[in-house]
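Each residue of the sequence shown is one higher than the last, beginning at 8 in our numbering.
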Amino acid sequence: MEFLKKLFGSTPEKISINTSELHEWLDLHSKGKLNDVNKNIKRLINHIESIKTSLTLNLETLEFEKIGDASVFGKKELQIMHGNRDNFIKKTNLFLEHIVIPDFDYLKIANFCKDFEEHIHEFNEETRKPYYILSNFFDTTMKKIALNLKDFENTIVQLFNATKTAEVTEFKTLKSKINELNDVLNQSDDLEEDIKLFVADLENSIKKQEKAKLKIEKLKESREYRKIKKFERELLEIDDICLSIKSKITNQIKNFEKAFRKIYHKQKTTSIYHDYLDYPLKTIVSDENLKVIDEIDKLKEDITKTNITIKNKDKILNKNINKEKLISLRSEYILLVEKKSQINNEMDKPLIIMDYKEQQYTMEHLTEKNKRLKEDISDKKNILKHLNYEDKRKKLETRLSDFSGYIVTII
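In structure tokens, the structure reads:
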């Protein structure tokens with residue numbers, strides 16, 4: 008503020024501007040600062056138009072100009088002259104058609120100047136030979152045309168430089184910064200709206216989650232629920248006992264496994280013994296007569312007859328299967344399977360278990376949803392933070408104040 012006061016000799020006027028009105032305000036308050044530059048640009052544009060007019064007139068003169076003493080030139084030379092004159096006039100007119108001054112806009116004018124450089128270079132390359140030939144016939148007119156073209160180039164350079172003054176550069180920068188600020192503001196508004204919707208959705212979801220939690224707590228207090236939990240504990244106990252039975256069955260028969268595979272490894276006959284190794288519980292239920300004992304007895308008989316070396320042969324021959332134990336394990340397992348089936352049937356009857364599972368699913372779904380919403384809200388807030396609208400706004404206020412002489416506040 009002190010800087011502006013020293014610069015303008017008095018306390019600058021304070022002004023508040025809405026972001027949507029910044030472009031219009033800058034255009035209005037830059038006229039004085041850019042007045043000399045704009046006058047110069049308009050003068051140069053008018054001069055370009057006058058050059059176009061002069062060049063057009065000189066082309067008309069060239070088109071109809073007569074040679075002073077045609078007898079000096081041969082027929083072939085005159086034919087070459089006419090062909091090159093038509094070609095030169097045609098290409099020059101095409102070149103003039105490209106010279107269209109854009110609306111008064113610094114960037115458009117600068118781009119126009121850059122395009123002109125390309126066109127004039129291309130034009131000079133294409134007309135160098137015709138120009139040289141025609142200069143031998145119409146020297147005065149061709150010199151006037153050359154001066155027009157040279158004037159074109161010099162004026163275009165001046166016009167381009169006029170769009171690069173410090174005032175114009177700052178004006179264009181401010182325009183760009185205003186666009187950037189408006190873009191950031193729009194993004195910020197969209198993000199804030201998204202965050203608002205996510206927060207509302209999260210609050211609603213949390214309420215639903217609390218409601219489901221209360222329902223679960225209420226269900227847990229019911230007699231039916233306690234009964235279901237008792238059944239669940241019984242099922243776990245049954246599963247543990249079944250695992251123990253499985254282990255006991257395996258321990259009864261596994262001592263014969265290596266000998267069994269060594270004696271019968273080339274035979275492709277099915278064996279209930281192998282089924283016991285793979286599926287002991289399922290197999291003992293189906294093996295009502297305990298045929299596995301017969302297979303083991305036959306194995307012992309075959310061991311005594313074979314010449315195959317069997318490790319711990321005597322130990323294997325002296326090992327016996329406890330038939331009564333297997334019968335007991337089989338009966339116990341069958342009873343457990345029946346009991347498990349009965350419990351499952353009982354558990355399917357109460358509607359409370361359906362309500363409980365439904366509320367549990369709701370809780371799990373809402374927990375996952377809430378986690379996702381919190382992550383989305385956090386991500387949006389981080390993006391909003393990195394957009395840094397306030398910092399960009401303050402920096403633009405400073406540049407606008409320095410440029411205009413006002414103390415600018417953007418609202």
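C-beta atoms are modelled at their ideal positions from N, C-alpha and C, and glycine is treated no differently.
Query                                                                                                                   : Result
Option in Val415, Phe130, Glu70, Asn47 with minimal Cα separation from phenylalanine 144                                : Glu70
Valine 415, enclosing beta strand (DSSP E) - first and last residue                                                     : 414-417
Local conformation of serine 23 per DSSP, three classes                                                                 : strand
Nearest to lysine 59 (by Cα), restricted to the options Glu295, Leu204, Ile152                                          : Ile152
Residue span of the alpha helix (DSSP H) that contains threonine 277, given as start and end                            : Premise fails: threonine 277 is in no alpha helix (DSSP H) and is neither H nor E.
Rounded separation between lysine 298 and asparagine 352 - CA only                                                      : 33 Å
Inter-stretch contact at 8 Å, needing at least 3 Cβ pairs: the segment 40-48 / the segment 70-89                        : no
Serine 142 versus aspartate 122: straight-line alpha-carbon distance, rounded                                           : 28 Å
Supposed close pair glutamine 165, leucine 62 - CB separation, criterion 8 Å                                            : With a Cβ gap of about 18 Å, glutamine 165 and leucine 62 do not count as contacting.
Rounded straight-line distance, which links the Cα of isoleucine 223 to that of glutamate 241                           : 22 Å
Aspartate 294 - DSSP class collapsed to helix/strand/coil                                                               : coil
Of the listed residues Phe130, Ile24, Val175, nearest to aspartate 112 (C-alpha basis)                                  : Val175
Meets three-Cβ-pair contact criterion under 8 Å: the segment 119-135 and the segment 25-34                              : no
Other residues of its chain near isoleucine 260: CB distance less than 6 Å, five sequence neighbours each side excluded : Tyr283
Three-state secondary structure assigned by DSSP to asparagine 314                                                      : coil
Separation of lysine 387 from methionine 8, as counted between CA atoms                                                 : Residue placement at methionine 8 is poorly supported in this model, since its pLDDT is 46, which falls under 50; the coordinates still yield a value, given next. Roughly 36 Å between the two C-alpha positions.
Top-ranked residue by Cα proximity to lysine 73, from Glu133, Thr147, Lys236                                            : Thr147
Spatial distance of threonine 311 from asparagine 262 (CA atoms)                                                        : 17 Å
Test item: CB-CB of tyrosine 413 and proline 109 under 8 Å                                                              : no
Neighbour-count burial assignment, asparagine 155, 16 or more Cβ in a 10 Å radius                                       : buried
Cutoff 6 Å; reference methionine 149; Cβ partners in own chain excluding five residues on either side                   : Leu141, Ser142
Buried or exposed (CB count within 10 angstroms, at least 16 for buried), serine 408                                    : buried
Span separating the alpha-carbon of leucine 342 from that of serine 335                                                 : 11 Å
Length of the line joining the Cα atoms of alanine 117 and histidine 89                                                 : 38 Å
Separation of lysine 399 from tyrosine 139, as counted between CA atoms                                                 : 58 Å
DSSP-derived helix/strand/coil call for aspartate 110                                                                   : coil
Cβ of serine 27 within 8 Å of any chain D Cβ                                                                            : Structure shown: chain D not included; a single protein chain is present.
Buried versus exposed, by CB contacts within 10 Å (16 or more), arginine 268                                            : exposed
Cβ neighbour criterion (16 or more within 10 Å) applied to isoleucine 291                                               : buried
Which listed residue (Glu217, Leu306, Lys402, Lys332) has its alpha carbon closest to that of methionine 321            : Here residue 321 turns out to be aspartate, not methionine, going by the sequence shown. Closest option to aspartate 321, Cα to Cα, is Leu306.
Residue from Glu210, Ile24, Glu67 whose Cα sits closest to the Cα of lysine 376                                         : Glu210
As assigned by DSSP and simplified to three states, the class of glycine 443                                            : Any property of residue 443 remains undetermined from this structure, which presents the chain solely from 8 to 418.
Whole-angstrom distance between serine 23 and isoleucine 417, CA atom to CA atom                                        : 6 Å
Under 8 Å between C-beta atoms of valine 191 and isoleucine 384                                                         : no
Straight-line gap, threonine 172 to lysine 38 (C-alpha atoms, nearest Å)                                                : 15 Å
Serine 107 classed as buried or exposed, judged by whether at least 16 other C-beta atoms fall within 10 angstroms      : One point to set straight first is that residue 107 is valine, not serine, in the sequence displayed. Exposed: under 16 other Cβ atoms inside 10 Å.
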